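Report on the following structure.
Number of protein chains: 4
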Amino acid sequence: MEPLNIGPYSFSSRLILGTAGYPNYQVMLDALKAAGCELVTVAIRRLDIQASKDGGILEVLEEFQILPNTAGCFTARDAILTAQLAREALETDLLKLEVIGSDKTLLPDGEELLKAARELVRDGFVVMAYTNDDPILARKLQDAGCAAVMPLGAPIGSGMGVQNPYNFRIIREELEVPMLVDAGIGTASEAAFAMELGCDGVLLNTAISEARDPVLMAGAFKDAVHAGWAAHRAGRIPKRLYANPSSPTVGLIQRKK
Amino acid sequence: MEPLNIGPYSFSSRLILGTAGYPNYQVMLDALKAAGCELVTVAIRRLDIQASKDGGILEVLEEFQILPNTAGCFTARDAILTAQLAREALETDLLKLEVIGSDKTLLPDGEELLKAARELVRDGFVVMAYTNDDPILARKLQDAGCAAVMPLGAPIGSGMGVQNPYNFRIIREELEVPMLVDAGIGTASEAAFAMELGCDGVLLNTAISEARDPVLMAGAFKDAVHAGWAAHRAGRIPKRLYANPSSPTVGLIQRKK
Amino acid sequence: MEPLNIGPYSFSSRLILGTAGYPNYQVMLDALKAAGCELVTVAIRRLDIQASKDGGILEVLEEFQILPNTAGCFTARDAILTAQLAREALETDLLKLEVIGSDKTLLPDGEELLKAARELVRDGFVVMAYTNDDPILARKLQDAGCAAVMPLGAPIGSGMGVQNPYNFRIIREELEVPMLVDAGIGTASEAAFAMELGCDGVLLNTAISEARDPVLMAGAFKDAVHAGWAAHRAGRIPKRLYANPSSPTVGLIQRKK
Amino acid sequence: MEPLNIGPYSFSSRLILGTAGYPNYQVMLDALKAAGCELVTVAIRRLDIQASKDGGILEVLEEFQILPNTAGCFTARDAILTAQLAREALETDLLKLEVIGSDKTLLPDGEELLKAARELVRDGFVVMAYTNDDPILARKLQDAGCAAVMPLGAPIGSGMGVQNPYNFRIIREELEVPMLVDAGIGTASEAAFAMELGCDGVLLNTAISEARDPVLMAGAFKDAVHAGWAAHRAGRIPKRLYANPSSPTVGLIQRKK
Chain A
1 MEPLNIGPYS FSSRLILGTA GYPNYQVMLD ALKAAGCELV TVAIRRLDIQ ASKDGGILEV
61 LEEFQILPNT AGCFTARDAI LTAQLAREAL ETDLLKLEVI GSDKTLLPDG EELLKAAREL
121 VRDGFVVMAY TNDDPILARK LQDAGCAAVM PLGAPIGSGM GVQNPYNFRI IREELEVPML
181 VDAGIGTASE AAFAMELGCD GVLLNTAISE ARDPVLMAGA FKDAVHAGWA AHRAGRIPKR
241 LYANPSSPTV GLIQRKK
Chain B
1 MEPLNIGPYS FSSRLILGTA GYPNYQVMLD ALKAAGCELV TVAIRRLDIQ ASKDGGILEV
61 LEEFQILPNT AGCFTARDAI LTAQLAREAL ETDLLKLEVI GSDKTLLPDG EELLKAAREL
121 VRDGFVVMAY TNDDPILARK LQDAGCAAVM PLGAPIGSGM GVQNPYNFRI IREELEVPML
181 VDAGIGTASE AAFAMELGCD GVLLNTAISE ARDPVLMAGA FKDAVHAGWA AHRAGRIPKR
241 LYANPSSPTV GLIQRKK
Chain C
1 MEPLNIGPYS FSSRLILGTA GYPNYQVMLD ALKAAGCELV TVAIRRLDIQ ASKDGGILEV
61 LEEFQILPNT AGCFTARDAI LTAQLAREAL ETDLLKLEVI GSDKTLLPDG EELLKAAREL
121 VRDGFVVMAY TNDDPILARK LQDAGCAAVM PLGAPIGSGM GVQNPYNFRI IREELEVPML
181 VDAGIGTASE AAFAMELGCD GVLLNTAISE ARDPVLMAGA FKDAVHAGWA AHRAGRIPKR
241 LYANPSSPTV GLIQRKK
Chain D
1 MEPLNIGPYS FSSRLILGTA GYPNYQVMLD ALKAAGCELV TVAIRRLDIQ ASKDGGILEV
61 LEEFQILPNT AGCFTARDAI LTAQLAREAL ETDLLKLEVI GSDKTLLPDG EELLKAAREL
121 VRDGFVVMAY TNDDPILARK LQDAGCAAVM PLGAPIGSGM GVQNPYNFRI IREELEVPML
181 VDAGIGTASE AAFAMELGCD GVLLNTAISE ARDPVLMAGA FKDAVHAGWA AHRAGRIPKR
241 LYANPSSPTV GLIQRKK
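Chains as they are written, first to last, in the UniProt record's numbering: chain A, 1 to 257; chain B, 1 to 257; chain C, 1 to 257; chain D, 1 to 257.
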């Protein structure tokens, strides 16, 4: 695989993982390693930063690149303050921007997200924006200067996979910056499918941390991301009702021309 | 991965490939190797056996285990004669049994298939039966003594993936012998998905041989089969409308209990 | 709607209903009327025929045309005997032929079904064959002389709708006799969809009898069958990723040419 | 069916149609009547209003209630001016608000839509907002005072049906005002399905105007909306892998409790 470039950063892994819901730190570390993960996202609002450094999660994760996120923020203002805190404490301008519109569904609030993205880009952050699968909003986030746009496949923790592949296809047509699927992936095939739709990477958490065997599942996702990445580039055959050459093509999601 | 056991045989790869439609032998060989393939299926009726051995396809494939198949046979009688010819010429009792009911769709003829399977098992063959996704027929093929049952995901060459995952789930509940998806797989994620449904292996041809880059696609399928195998064992999270713990589960295909 | 012709019979309604699972006879009658139903199917093996006539279900249904069925039969022999009993007792040669391969899934046994169909056609029955969605078996049932072929959308009582629309499309290409979806329909839109796939009628039971309000649901199915029938003939627009005329067509199930 | 109430208005039909793409006015009128349509939407920007009244489309449509729409507007400002023009010329405060973010996909621009909706509600309009299927945006449109929220099933003219039923289900949980599906419906079953998801009505255009037989298709949609409305209220059976009572429920979209 080629490296994944996000703003000035470059990563050899295309799988970004979260840290919530693991039975313990050891399982988390084993899973992160089995996944070949380089970039790990951590929710800043849930963190007592000093304690996290002294024997806490940030120390545990010291061999990984941390991607702070603003999970739990409901307004642009809140997300911006949290982002600034994160940058100071963790000395990184990388940011997963999350602005939530409902504590029930955890779905993003596009209006506040866009406000926060514009402000944070101006303030020098390398913003990776967690968004819904709206192609117009995705383009506006790119226009705002986001370094990556990360549409959800389905709500956080739902495990339903990419619900609307057509939106991903349209977003792919519209964007120049990397598109990563963020949220909703439940199992390996769904990560491969997202990559086949043209995603540049996959961000997930629950599908590994709450699997029966998180370490085995982490390896499955590593392979799935490779598989989907290669399949997208290898140019899949078209879908047909049956193989007779005169039969009508029914292909849904075809290789990119 | 554990080995795949089919009758008395054991294979470390769970990906079985065909040989039709490659641009040339070199691409075919490179793809077979990239896929980590051990077992390669060859249509006997299309073969001039002696010529195939003398510098032909059988010589080219000498490092692989050959799985002769009866593609192109429309009756039990025809398939049985072809199988016997294959056994004699190739000195193997392994057989992919195919009895076709239509030269347009290449769909299997269950009635003739069952007749042929019963006869060939009696005659000592290790029969891997290519069938439709009918759970009752699958069980009857097992009862007839088949060593593996291989339901189609979709018609040969269609590239549509597993059309009816519920039938695969029911077949999985019914069978003790290995279940391999045979036909219809179009891209890597679909192979992973088939494995997550409980398949023990994947047999395919066109999805690799007619991909734009067959060798890259072969590697994608190798990874996808690994990914799906591991994900199935790792126990995926249930599907939910959203992650709120009280939300209704909407799961379609869950891990097996 | 044109009449539905099955062998020598002609019906103005394209919705055939079963009689199991209603709270009581009055709700059943109200639902049958709300559905505009003419042909009602009754399981012969579950019937004490004389008692059924004297104040029982057959008397209750006297204004409808009865379609006896062989539900509960596991062999061709059993189904044939049941059919003969039905013909004698009910004085009709109409028959819904059902031969089941599993009392868990109630899926049809194609091998026994075909045997029974051949015998019953020779014996003068007007056979409507309940089958799985296998296009080859469907054609063989037509070749055996069945007056209608009735593939399942999904297992009996599952309410999952047509699981494999491509098989229905292929069956439609193959058959001259009427194709009716039989089993698996759960709600109105699924009946409309089945008609849009080219079905000539819909046979169902549980979706109405076990709905919260069976009579309201019966009316919904009446309208849905009309809607699907008309939409199939009206020629739907193709599916496109978006409406730009140069955009690729992604259509799955298009109008028949 | 109960009437559909939108702000102070009440309609007996739940099917709202557009006027673009018909072969001629007569076919359009015949289709509108076959659909039982009361409310017809007309794009104001494409209209020479005076000419439209003098023997033009507005005169042709005089027996229908006109729903002016702001199709073709790319900014809140543009949409607001168009709405005001429409109100003055047509003497109605009813408005279908459309603010588009791309002339290729015609997808709505949530940010501009929200701005326009807030302003137009303040200005006394009865706003029916055409939006994407984002549950957070839907709730914000309701909070802004919109009288109806109209998520798209798929892009305008795509004919792909409701792509993300889960979003519709979440929107339904969130909203008090009517939810109508607007855009993407291709055939009758898809309209029934949208109603079964809890939609209060269906707005469409191309699926009828560009059908092979628009008048027949219009009748199909009328029946389909009835069917879906009744089926939603009649309480569908749950989805199950098969009918055995102990079998796991696989239901996707169940009746609302």
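Where is the CB? At the ideal position from N, CA and C, for every residue including glycine.
Bear in mind the structure is a predicted one, so any value in this text is a computation, not a measurement.
Item	Value
Span separating the alpha-carbon of I100(C) from that of K140(B)	13 Å
Start and end residues, beta strand (DSSP E) containing F64(D)	Here F64(D) belongs to no beta strand (DSSP E), and DSSP marks it neither H nor E.
Exposure label - E88(D); buried when at least 16 CB within 10 Å	exposed
is_contact[M160(D), chain A] using C-beta, thresh 8 Å	yes
Selection from P155(C), L47(C), P165(C) and D109(C) that minimises the alpha carbon distance to T82(C)	L47(C)
Below-8 Å beta-carbon distance, A192(A) vs any chain B residue	yes
is_contact[K256(B), chain D] using C-beta, thresh 8 Å	With a pLDDT of 38 at K256(B), under the threshold of 50, the modelled position of this residue cannot be trusted; read the value that follows with caution. K256(B) does not count as touching chain D.
Cβ-based burial, M160(B) [other Cβ within 10 Å; buried from 16]	buried
Residue nearest to C73(B) in terms of C-alpha spacing, selected from L203(B), D109(B) and N164(B)	D109(B)
Chain C contact for K239(B) (CB, 8 Å cutoff)	no
Status (buried if at least 16 other CB within 10 Å, exposed otherwise) for D182(D)	buried
Same chain, Cβ closer than 8 Å to K257(A), neighbours up to 5 away in sequence not counted	Because the pLDDT of K257(A) is 35, which lies under 50, any placement of that residue in the model is unreliable, and the number read from its coordinates should be weighed accordingly. For K257(A), where only same-chain residues beyond five positions count, there are no Cβ hits under 8 Å.
is_contact[P155(D), chain C] using C-beta, thresh 8 Å	yes
Residues near Q254(B) in its chain [Cβ-Cβ closer than 8 Å; skip 5 each side]	Note that Q254(B) has pLDDT 42, beneath the 50 cutoff, so the model's placement of it is unreliable and the number below is only indicative. Once the five neighbours on either side are set aside, the close Cβ partners of Q254(B) are R236, P238 and K239.
Inter-residue spacing [alpha-carbon to alpha-carbon] between R169(C) and T206(D)	24 Å
Test: Y166(A) CB closer than 8 Å to a CB of chain C	yes
Expected contact under 8 Å - CB spacing of L120(B) and I136(C) to nearest Å	At roughly 20 Å, the Cβ-Cβ gap does not stay under 8 Å, so L120(B) and I136(C) are not in contact.
Buried versus exposed call for H226(D) [16 or more other C-beta atoms within 10 Å across all chains shown]	buried
Short CB-CB distance (under 8 Å) between R169(D) and chain B	yes
Burial state of G18(D) (16 or more Cβ within 10 Å)	buried
Whole-angstrom distance between L4(D) and F11(D), CA atom to CA atom	5 Å
Where N167(A) falls: helix, strand or coil (DSSP)	helix
Residue burial classification, M179(A) (beta-carbon count within 10 angstroms, cutoff 16)	buried
Contact under 8 Å by Cβ, residue 261(C) with P214(C)	The structure shown does not extend to residue 261(C), since chain C is modelled only from 1 through 257, so no value can be given for it.
Cβ shell of A34(D) (< 6 Å), same chain only, five flanking positions each side left out	V215, A218 and G219
N-terminal and C-terminal residue of the alpha helix (DSSP H) that G219(B) is part of	P214 to A234
Proximity below 8 Å, CB of Y242(C) to CB of T105(D)	yes
Buried/exposed call for G153(C), threshold 16 Cβ in 10 Å	buried
Chain A contact for D93(B) (CB, 8 Å cutoff)	no
Beta-carbon gap between R172(C) and L197(C) smaller than 8 Å	yes
Residues near L94(D) by beta carbon distance below 6 Å, same chain, minus five either side	L67 and V126
Residues that D182(A) bridges to, as DSSP identifies them	L203(A)
Residue(s) in a DSSP beta bridge with V40(D)	L17(D) and I66(D)
Test: G251(B) CB closer than 8 Å to a CB of chain C	Only weak support exists for where G251(B) lies, its pLDDT of 44 falling under 50; the coordinates are left without a value.
Extent of the continuous beta strand (DSSP E) to which T131(C) belongs	V126 to T131
Partner residues on chain A for G124(D), Cβ-Cβ distance less than 9 Å	In chain order: nothing, as chain A lies at least about 24 Å away.
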